[in-house]
Amino acid sequence: KADYIFTDKLSGKTIDRPGLNQLLGFAREGDTVEVVSLDRLSRNYQHIQQLVQRFKERKVKLIIDDLPQTNTGNALVDQFMLDMMLNLMGFVAQNEREKIKERQQQGIAQAKKRGVYKGRAKKYAPNSKNREGRLVYEKIKEQYLSGNYESKSQLAKDNEISRQQLYRILQSINKDI
C-alpha cells in the first residue's frame, strides 16, 4: 500500500511535470518510489539517467514494476543488473518516442498530399470554437479597421496577446478585406 501517490496528466516526453516535481520535492532518504513502467518517469534517455542518479544520491529506492527484480545475494551484482536494465529500458523508451514522432510526421505529410490536413484550429479567428478567441478577434478587427489604436504594440497589450499573434490576426483580417 502506497502512503502517497503522485500523478501527472502530461506525457513523459518532458521532465518538467507537476506530479514528478512534487515527487522529487517529497522523496527523502529511505523512501521507496515505485513506478508502473520506466517510461512513466520519462521517455528521454538523459532524463531517466538524471532521475535515477537523483534517487541514488538521495538514497531513495526505485522500483520499476515492469522490470524483473534480481536478488543474487550480491548487492554489487544486483545494482549492476538494475543499472544495465535501466539503461536498456531508457533507450527503448526514448527510441519508442522518436518512432511515434516519426510516424506522426509521415501521417501529416500524407494528409497534406491528400489535401486533408488543416493543422491546429486557430484560437483567434471569426469561426473559432473558442468563444473568447472569437471575441478578441472581433475586438481587434473593429479597432484595426476603425484606426482606433495608438500602435500595434499597444493594440496587442490592450488585448493581452503577443505581437506575433496580433500580426497573424491582422494578416487574416487583411486577407479577408
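All you need for our numbering is the position in the sequence shown, starting with 1, plus 6. Cβ coordinates follow ideal geometry from the N, Cα and C atoms, glycine included. It should be emphasised that the depicted structure is a prediction, and the values quoted were computed from it without experimental measurement.
With a minimum length of 4 residues, the unbroken runs of alpha helix (DSSP H) contained wholly in the stretch 27-57 fall at 44-47. Straight-line measurement puts the Cα of T78 at about 25 Å from the Cα of R60.
Annotation: K135 to R126 spans about 12 Å, alpha carbon to alpha carbon. Per the C-alpha coordinates, the member of R46, T20, P132, V66 positioned closest to E35 is V66. Nearest in C-alpha terms to Y10, of all of Q110, A33, Q55, is A33. Secondary structure note for K163: its alpha helix (DSSP H) is the uninterrupted segment 158-164. Non-local C-beta neighbours of R169 in its own chain, meaning closer than 7 Å and more than five positions away in sequence, comprise K158, S159, A162, ordered along the chain. For I114, the enclosing alpha helix (DSSP H) begins and ends at 81-120. Annotation for I69: the continuous beta strand (DSSP E) segment containing it runs 67-70. Contact between the stretch 46-57 and the stretch 84-98 is present: three or more C-beta pairs spanning the two stretches fall below 8 Å.
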